[in-house]
Amino acid sequence: MNEQISTVQPAVSPWPEILVVDDDADVRGMLADVLAMEGYRTAEADGGRTALTYLRSGHRPAVILLDLMMPDMDGWQFRAAQLGDPRLAGIPVIVLTADSREHQKACELGIARGLRKPIDLDQLLAAVAEYRAG
Amino acid sequence: MQTTEHTAAPGAAPLAFEGALTWRFDGESVALSSGPGPLSALVADLPGSPPLPELLARLAPSNPGALLRLVRAVLADGLPRTLHHRTAHDGAKSLRLATCVLAAPGVAGVIGATSVVAQPSSKIARRAAKLRREAAQLRESEREARRAVADLHVVLDTVADCISVQQPSGRLVFLNRAGQRALEPATLWQVGRRQWQSFMLSHYELWDEAGKPLQASDLPPLRALADRSPHRKLVRYGRKGSDHYTWALMRGVPILDDVGEPRMVVTAWTDVTEIQLAREELRRQKAVLQAVSEASLDAVLVVSPDGSMIYSDPKFARLWRIPEEALASGSDRVALESVRGQLRDPAAFMTRVEALYTTPDAEGHDELQLKDGRTIERYTSSIRGPEGQAYGRVWFFRDVSERNLARERERLLLEERVARASAERLLGTWQLLERVSQRLAAAQDVETMLRDVAGLVVGRLAKACIFDLLDEGGALRRVFAEAGTNDGLACALAAERVDLGVPEGLARALQERRTRDVEVLVHAGHSPLGERGSRAAELLNGLGARSLLVVPLVARGVPLGAMSLARGDHAEADVRLLAEQVGERLALAIEGAQLLRRSREAVALRDEFLSVASHELRTPLTAMRLAHQTLLRMAAQPGCISPQALSLARAADRHEQRLSRLIDALLDVTRIEARRLSLELETVDLAALTHEAVALAGPEAERAGSKIVLRPSGPVEGRWDRGRLEQVLSNLLSNAIKYGAGQPIEVEVRADAEWAELSVRDEGIGIPAERQRMVFERFERAVSSKHYAGLGLGLFIVRGIVNALGGEVRLKSEPGSGSTFTVRLPRSGPDEHAVGALHE
Chain A
1 MNEQISTVQP
11 AVSPWPEILV
21 VDDDADVRGM
31 LADVLAMEGY
41 RTAEADGGRT
51 ALTYLRSGHR
61 PAVILLDLMM
71 PDMDGWQFRA
81 AQLGDPRLAG
91 IPVIVLTADS
101 REHQKACELG
111 IARGLRKPID
121 LDQLLAAVAE
131 YRAG
Chain B
1001 MQTTEHTAAP
1011 GAAPLAFEGA
1021 LTWRFDGESV
1031 ALSSGPGPLS
1041 ALVADLPGSP
1051 PLPELLARLA
1061 PSNPGALLRL
1071 VRAVLADGLP
1081 RTLHHRTAHD
1091 GAKSLRLATC
1101 VLAAPGVAGV
1111 IGATSVVAQP
1121 SSKIARRAAK
1131 LRREAAQLRE
1141 SEREARRAVA
1151 DLHVVLDTVA
1161 DCISVQQPSG
1171 RLVFLNRAGQ
1181 RALEPATLWQ
1191 VGRRQWQSFM
1201 LSHYELWDEA
1211 GKPLQASDLP
1221 PLRALADRSP
1231 HRKLVRYGRK
1241 GSDHYTWALM
1251 RGVPILDDVG
1261 EPRMVVTAWT
1271 DVTEIQLARE
1281 ELRRQKAVLQ
1291 AVSEASLDAV
1301 LVVSPDGSMI
1311 YSDPKFARLW
1321 RIPEEALASG
1331 SDRVALESVR
1341 GQLRDPAAFM
1351 TRVEALYTTP
1361 DAEGHDELQL
1371 KDGRTIERYT
1381 SSIRGPEGQA
1391 YGRVWFFRDV
1401 SERNLARERE
1411 RLLLEERVAR
1421 ASAERLLGTW
1431 QLLERVSQRL
1441 AAAQDVETML
1451 RDVAGLVVGR
1461 LAKACIFDLL
1471 DEGGALRRVF
1481 AEAGTNDGLA
1491 CALAAERVDL
1501 GVPEGLARAL
1511 QERRTRDVEV
1521 LVHAGHSPLG
1531 ERGSRAAELL
1541 NGLGARSLLV
1551 VPLVARGVPL
1561 GAMSLARGDH
1571 AEADVRLLAE
1581 QVGERLALAI
1591 EGAQLLRRSR
1601 EAVALRDEFL
1611 SVASHELRTP
1621 LTAMRLAHQT
1631 LLRMAAQPGC
1641 ISPQALSLAR
1651 AADRHEQRLS
1661 RLIDALLDVT
1671 RIEARRLSLE
1681 LETVDLAALT
1691 HEAVALAGPE
1701 AERAGSKIVL
1711 RPSGPVEGRW
1721 DRGRLEQVLS
1731 NLLSNAIKYG
1741 AGQPIEVEVR
1751 ADAEWAELSV
1761 RDEGIGIPAE
1771 RQRMVFERFE
1781 RAVSSKHYAG
1791 LGLGLFIVRG
1801 IVNALGGEVR
1811 LKSEPGSGST
1821 FTVRLPRSGP
1831 DEHAVGALHE
């Protein structure tokens, strides 16, 4: 499990934090790098459980990038747990899917936005920019 | 009184003996007749009918009493007697007389002859001798007459009939012994009693046949006397105050004298009590018989041996509709003639009747069919007396049409009941099979099927139902057992292990693929189902099962297992057939369920593969693309990377995009093949989409030297998948560009209310007719892959998407002059069921 990368206090930071949840370290790292280059603060979690622990420890990212297919706690389970916690339910989630059917299902679960893998950088940045304000 | 009969000399005056005095005494008075001679003077002053004592006193003045005694003695016993006496006491003047008294034959009373006994002189002596001779002759005649009378009396006494003889005056002259025995008291029959009838009627009562009391004048003797002709009458008589009576046939016959006057009357009566009683009994019996025969249902006819109808009741005439005159004839033949015309088969009838008449002892029981539709039952037997004498034949007839009809109805009813039972059984069979089929169709898995079938079969066909199924490795497994309410037993049976090595019912049934009906033997050491040990057999026996019907479950020649029905006895053919039909259905259903399970597993596996493959392939692509795109973004800042590096980054991005497309294509092909292409249906404007696609393809077309011409059209909206339609357009356009030989490409969108149509026409190399069908298959292309790159999946995907949207793709092409691909899509989108099926 990777340690979350947290910078300074979110409240005083001018840059919102993006939580990247993906079990694939390459993708997770790449996403974090790209977002960091765009000036976002990022935190990484290698699965739903880690992400949930992170959030329950008081962190409130502006947007969560969520991979669906993960071995420990998958995206669906994470989403269900998030929606079950009133403190976390309001954080917008952008799901990253490889399967078009899952993409469709994600929409039904009130996911803010779904991006099909392989993700286009412009689309990613646009989506994040759209939801970072909340 | 007549006095002439005993005269010895015929033709002479009565008793006109010379010197003799003759007289006759009839019990009351005297009749005198005297000839010339001294004796006539003696009685000259006497009247013609002097009193007897007076006459006797004249004849024998010295001893009249002796003479009177003599007369009485003769009257009493009828024997002749002679008394010698004198006319007077003094000897000088007295005459020596002899008086002979004898009973007169045939009449009452006596005859006396008094004559002078003279000293014999020659003349006198001659005369006396003559007289003696005559007297002797007379006596002889008298004796003969008496003998005849006595003989007659003897004869009359021996006669059983009662016979009496009376004088017209009513005096009884004779009563034979039968008469004496018949009448009491004895005083009744004292001969000589006067007014005998009146006397008798004072002791007896008489009635005629009808029971009317009779007077003396009604009786035959008095009537015979009155009209001088014989009379007869049946009378009943009995002593007054007595209950006993006698029936007698009484006859009266008058005996007339020369002038036709009645002299006597003979009464003869025969005791006919027995006959009369028998006749009465006969009459009673006949009445009873008649009443019985009239009360009975049968018509009765009695025919004597000579063929005359002795008796027939009214029913007989009615039943056979015998005419009055035929009945009156009394002849059975005549009656038969009137009957035969009514019969359906008169010849057979007559033959049978003849046979019965010729064998008097034969009994017959027949049913006769009449032309009018009636059926008459006939029973006949001979009538025999106590000693076996033939009295004739009795016939009983009964109209049994109703009864036969009732029997026929009953028979039909029975048949109907049997048919109904059979139909109900058939219906039961059919219903069971139907319910089995319904349950099997509804069941999702094998376990449910077995439970449902067992539930239907137990109680109907078996006490318990056991299923053993072959697993994929070919081993037999006890899967399920059901024993009605006996769950414990079912569990125990279900827990038993099956051993195919036991060469019994189950193993053989599976081997031969044939139903086996085997006995459950506790001591066999194993059960017919192949369980080792005797536990299973004991369990089955405990249930009352003595036999097992093992039905192999075979689907399309492949054995799947067996259904075993535990039964109290061996199964009849229909039960066996029914069990086999249930087994057949169950086997097919199990096979279907297994196929369905396998196919579901395969589908799930493929789904998982698609999902994993998408994920696993795209995840590195994601990292790759982000890297390339980041590089390109960095390159936008001057001096960040070298131009060579930028060029390489661009190439890497291009290749990554191509790889991504290829992966998409491959996954799409897989989905299309699995019919699991997912669609996101929304309202899409095909015209706008086409416009965008044409614009997007513009650069590529330009590079190929082609110009894409889009015919203008208004919006064409439908319920489609935008992304998939983009794929269709992209594939069709790049196809046209690739094979368009640098010629213009014409694109058109048309629509009517229901359908939208997109056509892409190139003027390229075209496709030969024989390959036109193949271009839509996977990895196919119209021309050699050497000249044209690509996997050859484009048109396959196009067709897959269009079909999934409920539409079709048509190709019109001619080698050398180009091809036109036309896509037709329903504007309402794919059929919902079709979408459902895709997602299954």
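Quick mapping for you: the protein sequence lines, in order, are chains A and B.
In this text, residue positions in the first sequence follow our numbering: the first is 1, and each later residue adds one.
In this text, residue positions in the second sequence follow our numbering: the first is 1001, and each later residue adds one.
Every residue, glycine too, gets a C-beta built ideally from N, C-alpha and C.
- One Cα belongs to residue 1508 (chain B), the other to residue 1570 (chain B), and the distance between them is close to 17 Å.
- The three-state secondary structure of residue 1075 (chain B), taken from DSSP, is helix.
- Listed by position along chain A, the residues whose Cβ is nearer than 9 Å to that of residue 1630 (chain B) are 30, 33, 34, 37, 121.
- Within the same chain, 1074, 1080, 1110, 1111, 1142 come within 7 Å of residue 1102 (chain B) by CB-CB distance, once the 5 residues on both sides are set aside.
- Taking C-alpha positions only, residue 1777 (chain B) is separated from residue 1646 (chain B) by approximately 40 Å.
- Residue-level contact by beta carbon fails for residue 1730 (chain B) and chain A, as no gap is shorter than 8 Å.
- It is roughly 49 Å from the alpha-carbon of residue 1285 (chain B) to the alpha-carbon of residue 1257 (chain B).
- For residue 1329 (chain B), the closest alpha carbon among the candidates B:1341, B:1354, B:1346, B:1303 is that of B:1303.
- Taking 9 Å as the Cβ-Cβ cut-off, the stretch 79 to 99 of chain A approaches chain B at 96, 97, 98, 99, given in chain order.
- Residue 1673 (chain B) sits in a helix when the DSSP states are folded into three classes.
- Residue 1085 (chain B): member of the beta strand (DSSP E) spanning 1081 to 1086, first to last residue.
- When DSSP states are grouped into helix, strand and coil, residue 1047 (chain B) belongs to the coil group.
- In the DSSP annotation of this structure, the continuous segment of the beta strand (DSSP E) that includes residue 1174 (chain B) starts and ends at 1172 to 1175.
- Closest in alpha carbon position to residue 113 (chain A), among A:131, A:128, A:94, A:123, is A:94.
- In summary, residue 1598 (chain B) is exposed, with fewer than 16 beta-carbon neighbours lying within 10 Å of its beta-carbon over all protein chains present.
- By the Cβ neighbour-count rule, residue 1158 (chain B) is exposed, with fewer than 16 other Cβ atoms within 10 Å of its own.
- Sorting B:1700, B:1828, B:1344 by C-alpha distance to the C-alpha of residue 1754 (chain B) places B:1828 at the top.
- Using a Cβ-Cβ cut-off of 8 Å, residue 1647 (chain B) does not count as an interface residue toward chain A, since no Cβ of chain A sits closer than that to its own.
- In this structure residue 1380 (chain B) touches residue 1356 (chain B) by the C-beta definition: roughly 6 Å separates them, less than 8 Å.
- Judged by DSSP secondary structure, residue 1207 (chain B) falls within the beta strand (DSSP E) whose first and last residues are 1204 to 1208.
- Rounded to whole angstroms, the gap between the alpha carbons of residue 1665 (chain B) and residue 1738 (chain B) is 17 Å.
- Contact residues of the stretch 1407 to 1435 of chain B toward chain A are absent (C-beta to C-beta distance below 7 Å).
- If you check each beta-carbon in the stretch 15 to 29 of chain A against every beta-carbon of chain B, the ones closer than 7 Å belong to 24, 26, 27.
- Not flagged as an interface residue toward chain B: residue 73 (chain A), since no C-beta distance is shorter than 8 Å.
- Between the C-alpha atoms of residue 1389 (chain B) and residue 1362 (chain B) there is a straight-line separation of about 15 Å.
- Residue B:1162 holds the alpha-carbon nearest to the alpha-carbon of residue 1246 (chain B) among B:1043, B:1049, B:1162, B:1149.
- When the five nearest sequence neighbours on each side are left out, the beta carbons in the same chain lying within less than 6 Å of the beta carbon of residue 1269 (chain B) are those of 1162, 1248, 1250, in order along the chain.
- Between the alpha carbons of residue 1714 (chain B) and residue 1659 (chain B) lies a distance of about 36 Å.
- Residue 118 (chain A) belongs to the set of residues whose beta carbon lies under 8 Å from a beta carbon in chain B.
- At a cut-off of 8 Å between C-beta atoms, residue 1658 (chain B) does not count as an interface residue with respect to chain A.
- Taking a contact to require three or more Cβ pairs closer than 8 Å, the stretch 1747 to 1761 of chain B and the stretch 1815 to 1823 of chain B qualify as touching.
- A direct Cα-to-Cα measurement between residue 17 (chain A) and residue 33 (chain A) gives close to 13 Å.
- For the alpha helix (DSSP H) assignment, the uninterrupted runs of no fewer than 4 residues enclosed by the stretch 30 to 97 of chain A are, from N- to C-terminal side, 48 to 56, 75 to 84.
- Per DSSP, reduced to three states, the secondary structure at residue 1582 (chain B) is helical.
- Interface criterion not met: the Cβ of residue 1822 (chain B) is under 8 Å from no Cβ in chain A.
- Secondary structure within the stretch 1579 to 1652 of chain B: not one fully enclosed beta strand (DSSP E) run of 3 or more consecutive residues is present.
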